[in-house]
Amino acid sequence: MIRKYKEIRPPHINEFCDITDNTYSTKEVVNMEIVVLKGLHFEMVNPTTKTFLR
Numbered sequence: 005m006i007r008k009y010k011e012i013r014p015p016h017i018n019e020f021c022d023i024t025d026n027t028y029s030t031k032e033v034v035n036m037e038i039v040v041l042k043g044l045h046f047e048m049v050n051p052t053t054k055t056f057l058r
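Our numbering puts the first residue of the sequence shown at 5, with every later residue one more than the last.
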């Protein structure tokens, strides 16, 4: 399984809005991010030493 932990250049919120042809505003994108993180209880995978030794 390949996991991506680090973005070379993290996208800006405006880029997500552009991708959707401005269907969603930046405020809506940020609010949805909050909803998703709350749904995950802010538990996201963290890279370990083993990740970097591969």
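By construction, the Cβ of each residue, glycine as well, lies at the ideal position given by its N, Cα and C atoms.
Source: prediction; values computed, not measured.
Expected contact under 8 Å - CB spacing of residue i and residue j to nearest Å
{"i": "residue 34", "j": "residue 12", "result": "Rounded, the Cβ-Cβ distance is 22 Å, inconsistent with contact."}
For residue i, three-class secondary structure by DSSP
{"i": "residue 56", "result": "helix"}
{"i": "residue 36", "result": "helix"}
{"i": "residue 30", "result": "helix"}
{"i": "residue 50", "result": "coil"}
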